[in-house]
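Numbering (UniProt numbering), first residue to last: 1 to 726.
Structure below.
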């Protein structure tokens, strides 16, 4: 067969090393490696090859735990090791298919052909002697067959004659037939192939099953044959109680595709319940069953499976775009309007609460419009620089921020990070524990206590009930100071920090009581290290801080705007706590009221001026969606730009100089006019790019993303508006 004769890379390397080790003549390349000196290691290498080519099957070792037999015995009539009853056919009864006039045998005749089995199994028997050698050979051949599928799924680069659907279907059928023959040869010798390779075979069968039904004309007989074989493969692999891990879920998902394609919905539901009972279900596990019930317009069964999926939210199972379309397909044909109003809002509420990212594709939006009709689904444009007013419904989109529960979870996460010993959280590349001298001396309890003291001081300073001013801006001093300083003479720039503070007072209209500057304590001493992020910071020289910089630090302290972060602590913890502290955000929640006008951000939530993406914090503090909401609603990006002073009109320069002299109170030691720099702040958007609804759930706004890339807010962006008024 082609699969056994065309593999030339890793399979031939394994063959040559194996034959050299066992005394067989060397064939092909003479290259060896430590990994391929053992047949078991060679099998593992094949598993890695198939895992990297498919990029869909996580490489976790399969479990050998024993459990009671379940659905596996039912799938193939109670005999998991028996062949399916395929239709007997001779090679002269080959089915004619359109592949540029070529001929291809039917699936059943290929699988039952004696000539095919004899021709294809003889090379395997001739090249292998021991069970370990046979297993390595079968693993290599099966991996080659599945790897060919990965190449077929890429964008075709050949001529139209070689990339037609008929040609793809013919090649897929050939690869599936070859892979099934290899798997049956292994089963005949009682050889248990690894989960990864069997999953690759199941994935091949699922693709072949769907292709057979999507062709024109459809071939349900071939699809049913592939489905029966998939049942046999799954039953053989789960017969020994292998019902745990990602490999088990991947196998079940492929079999579910086959069962649902052939409308074996009862077996599919049983298999789905079995996967859920083992706590291994994912979104793709529920997708095929939901799609079948959506196509049948079976609302009751659809809701049953939907509720089963939503019950797995704690394990990260959330609906996606495909499930959203299935929900609309179920609800749209309802004859009575009351049925539509009862079913769709509940499903949309689940999707809006769990779907992330929530933007739908243009094709999905067009299909929803077609299903619901022009009276209930519209596409509108809402510009980024607007206040979120929908031109169709007159309702305003809201800025979705952290809930009270999210803020409490974030505070707990921050204190948990502070209590942890930094020496156990951060490791070198060799896995050795590393820690600075200050961290080792300070200790985790010390940092947590200082963080709690800072929180108490912050609440006292900005307690509005006691006459304090609300906190509007938190400045990440170290991040601002190092902006655009990655050059030879760059370093920690006190000037840039002062530039941002002056901008907040002069341009944003803040008072000094509404600003908080956070800086690590090591930068506030006379002998502070002034490195500019060199590749090896341990070799950077220690530079004395200039006197004018020390004067700036003293002025910030006199204004009460500066807070020093102690040694051994991460300054990010300090400004994160400043943004989510209860007393500072009390009353700042944006209410989802369609009649309310969304005010400017600075009047509602404490904003942090930083360009830090916080990649090392999001996994410790909040789950991904809540952390993304926090970044989108409370982080202000900035940039330090150079002003072309010579290009400004003379009167503009005079006005700027007069403004500078008038604002001497704002610590005007160094000003934008003297060095030609200014600050550009990029505030958060005025509304969140998420699925939103009004209080009575009669109007829904779904963002539409660009199909060429990730969803981004752009001028004139499109939203899908669904109205469910009676």
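Glycine residues also receive a C-beta, built at the ideal position from the N, C-alpha and C atoms.
Keep in mind that this is a model prediction, so the values were computed, not measured.
Item, Value
"With residue 640 as the anchor, note down where its alpha helix (DSSP H) starts and where it stops.", "Counting along the chain, residue 640 falls outside any alpha helix (DSSP H), though it belongs to the beta strand (DSSP E) covering 635-642."
"Bridge partners for residue 396 per DSSP, in chain order?", "389"
"Do you know whose CA, among 139, 206 and 212, lies nearest residue 183's CA?", "139"
"Quick check on residue 465: buried or exposed, where buried means 16 or more other Cβ atoms within 10 Å of its Cβ?", "exposed"
"Can you tell me where the alpha helix (DSSP H) holding residue 405 begins and where it ends?", "404-419"
"Would the beta-carbon of residue 384 fall within 8 Å of that of residue 717?", "yes"
"Please state the DSSP three-state secondary structure of residue 482.", "coil"
"Decide yes or no for the touch test of the region 213-227 against the region 187-199: beta carbon pairs closer than 8 Å, at least 3 of them.", "no"
"Go ahead and label residue 574 buried or exposed: buried means 16 or more other beta carbons lie within 10 angstroms of its beta carbon, across all protein chains shown.", "buried"
"Can you name the residues that DSSP bridges to residue 381?", "718"
"Got a sec? Which residues, its chain only, sit under 8 Å from residue 349 by beta carbon, not counting five neighbours each side?", "693 and 697"
"Between which two residues does the beta strand (DSSP E) harbouring residue 476 extend?", "473-476"
"Is the beta carbon of residue 347 sitting closer than 8 Å to the one on residue 377?", "no"
"Nearest-angstrom Cα distance between residue 127 and residue 143?", "Its pLDDT being 44, under 50, residue 127 is placed unreliably in this model, and the value from its coordinates should be taken loosely. One C-alpha to the other measures close to 17 Å."
"Whole angstroms is fine: what's the gap from residue 323's alpha carbon to residue 640's?", "45 Å"
"Please name the residue in 203, 226, 273 and 625 whose C-alpha comes closest to that of residue 247.", "203"
"Smallest Cα separation from residue 681: which of 607, 463, 460 and 457?", "607"
"For the candidate residues 388, 257, 314 and 471, whose alpha-carbon lies nearest to that of residue 623?", "314"
"Going by DSSP, what residue range makes up the beta strand (DSSP E) through residue 564?", "562-565"
"In three-state DSSP terms, what is residue 724?", "coil"
"How would you write the range of the alpha helix (DSSP H) that residue 167 sits in, first residue to last?", "165-188"
"Taking contact to mean at least 3 C-beta pairs separated by less than 8 Å, is the region 561-579 in contact with the region 509-523?", "yes"
"Strictly by DSSP, which residues pair up with residue 608?", "474 and 635"
"Whole-angstrom Cβ separation of residue 411 and residue 577, contact assumed at under 8 Å?", "7 Å"
"Taking the alpha helix (DSSP H) that residue 679 falls in, what are its first and last residues?", "Note, residue 679: premise wrong, no alpha helix (DSSP H); beta strand (DSSP E) at 677-682."
"I'd like the list of long-range same chain contacts for residue 351, defined as Cβ closer than 6 Å, with 5 residues on each side in sequence excluded.", "319 and 324"
"Give me the residue from 282, 294 and 474 with the minimum Cα distance to residue 637.", "474"
"Is it the case that the region 454-461 contacts the region 493-502, given that we only count it when at least three CB pairs across the two stretches are under 8 Å?", "no"
"Measuring alpha carbon to alpha carbon, tell me which residue in 272, 634, 705 and 234 is nearest residue 363.", "705"
"If you follow the beta strand (DSSP E) that residue 685 is part of, which residue opens it and which one closes it?", "Where residue 685 is concerned, there is no enclosing beta strand (DSSP E), given that its DSSP letter is neither H nor E."
"At the level of alpha carbons, what is the spacing between residue 177 and residue 372?", "43 Å"
"Helix, strand or coil for residue 456 per DSSP?", "helix"
"How is residue 693 classed by DSSP in three states: helix, strand or coil?", "strand"
"Could you check where the alpha helix (DSSP H) with residue 622 kicks off and where it finishes?", "Here residue 622 belongs to no alpha helix (DSSP H), and DSSP marks it neither H nor E."
"What is the DSSP secondary structure of residue 255, reduced to helix, strand or coil?", "helix"
"Using three-state DSSP, classify residue 217 as helix, strand or coil.", "coil"
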